[in-house]
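The number in the working numbering is simply the position in the sequence shown, starting from 1, with 7 added.
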Amino acid sequence: MPKDFEMNRMETVRGRLVSAIPAPLRRASFRQLWLGMASSYAGDRFQQLAQTWLVATLTSSAMAVGWAAATAIVAVLALFDRIAVWHIYIWAVINGMIALLSRPAYKVVLTEVVPPEEVRPAVAINSMTETTSMVVVNGVGSVLLEFLGLTLAFFLNAATYLVAAGSLWGLRDLSRRSTDQPQSLDLKRVLSDLVDGLRYLTRQLSILHPLLLTFVTITIIGPIFGLLAAIVHAEGGSIVDLGLLAASSSMGAFAGAAYAGIRSAGANPTRRYAILGMVSAAALAIFVYLPIGLISMVPLAFLGAPAFAQAVWNTSRVREQADPAYQARLQAITSMAFTLGFSLGMLWAGVVIDRLGLTALVGGAVVLGTLSIVVLIIKRE
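This is the structure we're talking about:
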């Protein structure tokens, strides 16, 4: 009896421990994908940290940093001190093209390795992992780069791509049938699919309206993240200061992703996004007047949280509401809301900061805040 009792107790404890693990992490395919992409996220952030700081020190121009971040060999050039800004631009273009193709594809795979009811927790775990990597790399990586040199970041990022590719290669249980044959890449077909996806999206207002608010928000607040290296450099800070400030925005992003994984955007997501838009506008206005120092970490965290909460909700909403035939196209479009919005933000803000100074970004905060208030009035419950 005592032995049976002890075995039952151990089984109960084991069952409770297993049930405490989020459902997606109990699936081997998701764990494999998750671990591979976690390393890739860390490598990407390592390179972005080094890349933007390198441009800032070479040019002292916010517009130049914006161009490098927007368009996202350089390791060898840096190693032998033969680096020029145009080298970074070329590498950024190549890196950006890879991200443009891989991000939407990865999001589709992510939503297929778990059942529909686990999509939102899976997306939240993925976003939380990405932000955790960003916190660690921004905080610890900036110190490593200070002592070991910026070249390290480019080599590490290349290595993490191989790890991520290996994790994807090993997946075998995706929903695509084994008889389906992969289609060759055809630019005309890609553009046709994109247009078809946009037409479908215009008929899905519950997906479209929140996504438009996300696009506007990222276009306005994105420059703070992308131009942070130029801002810190202009204020006389170091790469360590840059890492700490970037880590604070990543901690906010982690909190936002965690919140979105626990709670949905509600029955009126557009209204919820408008409220978050007002929070982002206020945080942006505060940051432009307090751009460096420990106090600056607070508004940066409040900028990161809404952005990643919306990213989780956007991806899971497409999986829940869109027709299966349009899943891939709409996931690509949700990624474009971030990538295109971020790129446009880098370009306009870089010019504005170079010519008018950082405080000119308050104009963006006013636009975002005003738009959010209008949406709240229209979408009042």
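Built from N, CA and C at the ideal position, the CB exists for glycine as well.
Practice problem: Output the boundary residues of the alpha helix (DSSP H) element that contains A296. | Solution: For the record, residue 296 in the displayed sequence is Tyr; it is not Ala. Note, Y296: alpha helix (DSSP H), P276 to Y296.
Quiz item: Out of Y333, A129 and A45, which has the shortest C-alpha to C-alpha gap to I28?
Solution: A129
Self-check item: Limits of the unbroken alpha helix (DSSP H) element including I269
Solution: I246 to I269
Quiz item: Quick one: what does DSSP say V305 is sitting in, helix, strand or coil?
Solution: helix
Quiz item: Taking all protein chains shown into account, do 16 or more other C-beta atoms lie within 10 angstroms of the C-beta of I269, making it buried, or fewer, making it exposed?
Solution: Taking all protein chains shown into account, I269 has fewer than 16 neighbouring C-beta atoms within 10 Å of its C-beta and is therefore exposed.
Quiz item: Q328: buried (16+ other C-beta within 10 angstroms of its C-beta) or exposed?
Solution: Counting the other CB atoms within 10 Å of its CB gives Q328 a total below 16, which places it among the exposed residues.
Quiz item: If we call anything under 8 angstroms between Cβ atoms a contact, is Q317 one with R326?
Solution: no
Practice problem: Take the Cβ of D88 as the centre, count every other Cβ of all protein chains shown within 10 Å, and call the residue buried at 16 or more, exposed below. | Solution: Per-residue confidence for D88 stands at a pLDDT of 47, beneath the threshold of 50, marking its modelled position as unreliable; no derived number is given.
Self-check item: Collapsed DSSP secondary structure at L368 in the structure displayed
Solution: helix
Exercise. Please work out which residues of its chain come closer than 7 angstroms, Cβ to Cβ, to L235, disregarding the five sequence neighbours upstream and downstream, and give them in chain order.
Key: L249, L252 and A253.
Quiz item: Do V121 and R210 have their C-beta atoms closer together than 8 angstroms?
Solution: no
Quiz item: Where does G204 fall in DSSP's three states?
Solution: helix
Quiz item: Which residue from T139, L220, S36 and P123 puts its Cα closest to that of A45?
Solution: T139
Quiz item: Do I225 and F349 have their C-beta atoms closer together than 8 angstroms?
Solution: Taking 8 angstroms as the Cβ cut-off, I225 and F349 qualify as a contacting pair.
Self-check item: Alpha-carbon spacing of S287 relative to D203, whole angstroms
Solution: 32 angstroms
Practice problem: Would you decide whether I448 is buried or exposed? Buried here means 16 or more other CB atoms lie within 10 Å of its CB. | Solution: Not covered by the structure: residue 448. The range shown for the chain is 8 to 388.
Quiz item: If you compare alpha carbons, which of L205, L307, A264 and P217 is closest to I293?
Solution: L307
Quiz item: G284 and S379 look like a contact to me (Cβ under 8 angstroms); what is the Cβ gap, rounded to whole Å?
Solution: Here G284 really is in contact with S379; their C-beta atoms are around 4 angstroms apart, less than 8 angstroms.
Quiz item: Around the C-beta of Y48, are 16 or more other C-beta atoms found within 10 angstroms, so that it is buried, or is it exposed?
Solution: buried
Exercise. Note the first and the last residue of the continuous alpha helix (DSSP H) segment covering G348.
Key: Q334 to L363
Quiz item: So, helix, strand or coil for S379, using DSSP?
Solution: helix
Quiz prompt | CA-to-CA distance, S199 to A260, given in whole angstroms | solution = Just so you know, the alpha carbons of A260 and S199 end up roughly 34 angstroms apart.
Practice problem: Compute the Euclidean distance between the alpha carbons of V126 and V295, then round it to the nearest angstrom. | Solution: 36 angstroms
Quiz item: With 16 other CB atoms within 10 Å as the buried threshold, where does W227 fall?
Solution: According to the sequence shown, residue 227 is Ile rather than Trp. Flag for I227 reads buried.
Self-check item: Spatial distance of R279 from R362 (CA atoms)
Solution: 35 angstroms
Practice problem: For L219, decide whether its Cβ has a neighbour in chain B, counting only Cβ atoms nearer than 8 angstroms. | Solution: In summary, chain B is missing from the structure at hand, where a single protein chain is found.
Quiz item: If you compare alpha carbons, which of L32, S257 and P230 is closest to I2?
Solution: Lying outside 8 to 388, the shown extent of the chain, residue 2 is not represented and no answer is given.
Quiz item: Just how far apart, CA to CA, sit V461 and E242?
Solution: Beyond the ends of the chain as shown, which are 8 and 388, falls residue 461; an answer cannot be given.
Practice problem: Excluding the 5 residues preceding and the 5 following G273 in the sequence, name in chain order all residues of the same chain whose CB lies nearer than 8 angstroms to its CB. | Solution: R279
Practice problem: Can you give me the start and stop residues for the alpha helix (DSSP H) that L215 sits inside? | Solution: L212 to G233
Quiz item: Under the rule that 16 or more other beta-carbon atoms within 10 Å means buried, what is V382, buried or exposed?
Solution: buried
Self-check item: Beta-carbon contacts of V369 that lie in its chain and below 6 angstroms, excluding the five residues immediately before and after
Solution: A292 and V295
Practice problem: Assign R127 to one of three DSSP states: helix, strand, or coil. | Solution: helix
Self-check item: Where A272 sits in the DSSP three-state scheme
Solution: coil
Quiz item: Looking at C-alpha atoms only, which residue of K386, T221 and N275 is the closest neighbour of L310?
Solution: T221
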